[in-house]
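Undergrad: Its first residue numbered 781, the sequence shown is counted upward by one per residue in this note's numbering. Pasting a structure here, questions to come.
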Amino acid sequence: MRIALLFALFPGALAPLPAAQQGGDEPAPIYDETADAAALIQDAVARAAHANKRVLIVWGGDWCVWCRRLHHTLERGELAREILYEYELVPVDSRSNAELASRYGADLAKGVPFLTVLDGRGRVLANQETGVFEQGEGHDPAPILNFLRRWEAPPLDAVRLYAEARVRAAREGKRILIRFGAPW
781 MRIALLFALF PGALAPLPAA QQGGDEPAPI YDETADAAAL IQDAVARAAH ANKRVLIVWG
841 GDWCVWCRRL HHTLERGELA REILYEYELV PVDSRSNAEL ASRYGADLAK GVPFLTVLDG
901 RGRVLANQET GVFEQGEGHD PAPILNFLRR WEAPPLDAVR LYAEARVRAA REGKRILIRF
961 GAPW
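Now the structure itself:
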């Protein structure tokens with residue numbers, strides 16, 4: 781009687797759990813096939829301009845084992861720190877955004893994953909196929925880190941920024957608020 785009452789009150793008690801709750805082998809998605817990639821890139825460009833960073837577009841797909849391996853590599857150690865402090869990361873599904881990739885000069889015919897670096901104005905600074913970073917069953921972090929460091933934004937000139945702020949504040953009758961900070 782109690783069991784019948786349980787199933788009457790909770791008819792879903794015997795239903796199988798969704799795949800996400802089953803702890804299955806399906807990895808979490810990285811590349812959203814339905815996302816508006818152009819808007820994601822433009823948002824990243826705006827954030828990069830504000831924070832003196834670059835944008836790193838990673839063209840790929842969840843179906844691509846090398847794309848997943850690169851993503852795993854980028855989430856670890858010094859690469860993760862470099863991306864966090866110097867880049868706005870945008871993973872873009874290459875199959876549903878091939879035209880967008882070509883607009884940025886990304887030659888996806890060379891394979892995926894493929895990297896594109898943009899500046900804070902949305903201009904392409906570099907395009908890089910990632911086969912050169914492959915090592916064994918993964919990617920060698922050292923050359924990837926060298927690539928990212930080569931394209932990071934130059935530091936701002938604090939003295940020049942302060943002088944410009946003083947001129948603007950005097951012109952507008954305002955005061956200056958100086959905020960000191962570091963990415964760590």
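We put the beta carbon where it would ideally sit given N, CA and C, even for glycine. Note that this is a predicted model, so its numbers are computed, not measured.
Quick check on the DSSP output: the beta strand (DSSP E) that includes V872 runs from which residue to which?
TA: Per DSSP, V872 belongs to the beta strand (DSSP E) from Y867 to D873.
Undergrad: Within the same chain, show all residues whose beta-carbon is closer than 6 Å to that of I821, passing over the 5 residues directly before and after it, in chain order.
TA: For I821, where only same-chain residues beyond five positions count, the Cβ hits under 6 Å are V870.
Undergrad: For the alpha helix (DSSP H) containing A824, name the first residue and the last one.
TA: Where A824 is concerned, the enclosing alpha helix (DSSP H) stretches over A817 to A831.
Undergrad: So, are the CB atoms of Y865 and L928 less than 8 Å apart?
TA: Result no, Cβ atoms of Y865 and L928 do not sit closer than 8 Å.
Undergrad: Check W839 in the structure and name its three-state DSSP category.
TA: In this structure, W839 counts as strand in the three-state DSSP scheme.
Undergrad: Terminal residues of the continuous beta strand (DSSP E) containing E855?
TA: Unbroken run through E855: none, as it is neither H nor E.
Undergrad: For P935 and T910, which I take to be in contact (beta-carbon distance under 8 Å), what is that distance rounded to the nearest angstrom?
TA: Not really, about 27 Å apart at Cβ, beyond 8 Å.
Undergrad: If you run the structure through DSSP and keep just helix, strand and coil, what is A907?
TA: The amino acid at residue 907 is misidentified as Ala; the sequence shows Asn. Residue state, collapsed to three classes: strand.
Undergrad: Kindly indicate which three-state DSSP category F913 falls into: helix, strand or coil?
TA: If DSSP states are grouped into helix, strand and coil, F913 belongs with the helices.
Undergrad: Give a yes or no on whether the C-beta atoms belonging to P880 and A818 are separated by under 8 Å.
TA: In the sequence as displayed, the identity of residue 880 is Leu instead of Pro. Yes, these two residues count as a Cβ contact at 8 Å.
Undergrad: Do you know offhand how far R901's Cα is from V825's?
TA: C-alpha separation (whole angstroms): 7 Å.
Undergrad: Under DSSP, the beta strand (DSSP E) around L928 begins and ends at which residues?
TA: Looking at the DSSP string, L928 is not in any beta strand (DSSP E); the run it does join, the alpha helix (DSSP H), is P921 to W931.
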